[in-house]
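This report refers to the structure that appears directly beneath it.
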Amino acid sequence: MKHSNISIFIPHVGCPHQCSFCDQRTISGAQHLPDGSEVREICSKALDEVKFPENTEIAFFGGSFTAIPRDYMLELLTAASEFTGEGRFRGVRCSTRPDCIDREVLDILKKYGVTSIELGAQSMDDEVLAANERGHTAEDVEKASRLIKEYGFELGLQIMTGLYKSSPEKDMDTFLRAAELYPDTLRIYPVVVLKGTRLAELYESGEYVPEPFERMTELCGEMLRLAEEKGIRVIKCGLHASEFVEHDMVAGYYHPAFRELCESRIYLQKLITMAEGFSLLRVAVPAKDISKAVGQKRSNILRMKEMGVEVRISPSADGRTKIIERR
Ligand code: SF4
Numbered sequence: 004m005k006h007s008n009i010s011i012f013i014p015h016v017g018c019p020h021q022c023s024f025c026d027q028r029t030i031s032g033a034q035h036l037p038d039g040s041e042v043r044e045i046c047s048k049a050l051d052e053v054k055f056p057e058n059t060e061i062a063f064f065g066g067s068f069t070a071i072p073r074d075y076m077l078e079l080l081t082a083a084s085e086f087t088g089e090g091r092f093r094g095v096r097c098s099t100r101p102d103c104i105d106r107e108v109l110d111i112l113k114k115y116g117v118t119s120i121e122l123g124a125q126s127m128d129d130e131v132l133a134a135n136e137r138g139h140t141a142e143d144v145e146k147a148s149r150l151i152k153e154y155g156f157e158l159g160l161q162i163m164t165g166l167y168k169s170s171p172e173k174d175m176d177t178f179l180r181a182a183e184l185y186p187d188t189l190r191i192y193p194v195v196v197l198k199g200t201r202l203a204e205l206y207e208s209g210e211y212v213p214e215p216f217e218r219m220t221e222l223c224g225e226m227l228r229l230a231e232e233k234g235i236r237v238i239k240c241g242l243h244a245s246e247f248v249e250h251d252m253v254a255g256y257y258h259p260a261f262r263e264l265c266e267s268r269i270y271l272q273k274l275i276t277m278a279e280g281f282s283l284l285r286v287a288v289p290a291k292d293i294s295k296a297v298g299q300k301r302s303n304i305l306r307m308k309e310m311g312v313e314v315r316i317s318p319s320a321d322g323r324t325k326i327i328e329r330r
């Protein structure tokens, strides 16, 4: 059964840092701080509307939840916890920084019915973390992840590709090190350069030069493929479509269907392998994957044509990908 979240955004208030890429107000679209009564209102309305509450979490996203003033955190948790348990929502989900996790805070989260914790790891390379003013190390990510698992919470990791001073190789290394922590979920965010951030300054001065967009879809596509192989659920690839982001973005990797672009790259690789040594390839793919296999604006078909291969794609009767003909 599909998992869903009741998302409640808590803006920058909790964060003791200012990462190079961050403008929480733009990313979450939220500028106002909800209080306990607003959380109750949101949850009570959602409880009437959501079909499978037992599969739904109340999710505090947007800032660094465990770093917000303690009284405020408890006010929000108290309100949310009234809506979890038997016949109500499955639990509470929150996102935070790796250096804002310790036993004391995990004891509190456990007590108030938190079930999942997402850590913004962003990179597992200390030089990249420092260059982007994250204020924590890769070791902090590892320590916090182990502690979260030890307490029995579901662990989510967020990584960011294309950061200042990173490279596709370092990004892949980050993915592999994150995978070694056995997260239950992973979010892959290719960086988006937002107006007013330090990263925008670095970009405008020419100090930060992003990799080509295509390179990023290829890299994230490879991460998606490996995550599937390793049994890691990627719950997001690319920032969610938002008018705030579209309005405030000056560079970087935003596309409203970024994940589909990456999945399309996976199909391109498959087509190249299948067509090796042939000039015509007819392939059947699951009907739901046709647009990914063909690519946006037929990009995969055109790319294969440039390589001297005519590709024809049709829906498969049994839902499997298979070669129908090649010569
Ligand atoms: S830790 Fe998170 S909320 Fe804080 S500045 Fe960095 S990205 Fe923004």
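Going by the working numbering, the sequence shown opens with residue 4, and the numbers climb by one from there. Yeah, the Cβ is synthetic: ideal placement off N, Cα and C, and Gly gets one too.
Exercise. Among M76, E57, E172, V297, which has the Cα closest to the Cα of L36?
Worked result: Ranking M76, E57, E172, V297 by CA distance to the CA of L36 puts M76 first.
Exercise. Mapping DSSP to helix, strand and coil, what is V312?
Worked result: In this structure, V312 counts as coil in the three-state DSSP scheme.
Exercise. Going by the C-beta, is C223 closer than 7 Å to any heavy atom of ligand 2?
Worked result: Questions concerning ligand 2 fall outside what the structure shown contains, since the ligands it does hold are ligand 1.
Exercise. For V117, which residues from the same chain have a beta carbon less than 8 Å from its beta carbon, with the 5 sequence-adjacent residues on both sides left out?
Worked result: Taking C-beta separations shorter than 8 Å and ignoring five residues to either side along the sequence, the partners of V117 in its chain run L80, G94, V95, R96, C97, F156, following chain order.
Exercise. Can we count Q21 as close to ligand 1, meaning its CB is less than 7 Å from some heavy atom?
Worked result: Within the cutoff, so yes.
Exercise. At which residue ranges does the region 145-211 contain complete beta strand (DSSP E) runs of 3 or more residues, listed in the order of the chain?
Worked result: 157-164, 188-193, 195-197, all fully within the region 145-211.
Exercise. If you drop the 5 nearest sequence neighbours on each side, which residues of the same chain put their C-beta closer than 7 Å to that of F216?
Worked result: Once the five neighbours on either side are set aside, the close Cβ partners of F216 are Y256.
Exercise. Looking at C25 and ligand 1, is the gap between the Cβ and the nearest heavy atom below 7 Å?
Worked result: Yes, Cβ of C25 sits closer than 7 Å to a heavy atom of ligand 1.
For this session: Reducing DSSP to helix, strand and coil, say where F68 ends up.
Result: The answer is helix: DSSP assigns F68 an H, G or I state.
Exercise. If you run the structure through DSSP and keep just helix, strand and coil, what is C103?
Worked result: C103 falls in the helix class under three-state DSSP.
For this session: Look at I11 and I61 and say whether their C-beta atoms are less than 8 Å apart.
Result: A contact, by the Cβ cut-off of 8 Å.
For this session: Report yes if the C-beta distance between M175 and L222 is below 8 Å; otherwise report no.
Result: Taking 8 Å as the Cβ cut-off, M175 and L222 qualify as a contacting pair.
Exercise. Using the C-alpha atoms, what's the distance from A287 back to A278?
Worked result: Between the alpha carbons of A278 and A287 lies a distance of about 14 Å.
Exercise. Taking buried to mean at least 16 other C-beta atoms within 10 Å of its own C-beta, is D128 buried or exposed?
Worked result: Classification for D128: buried.
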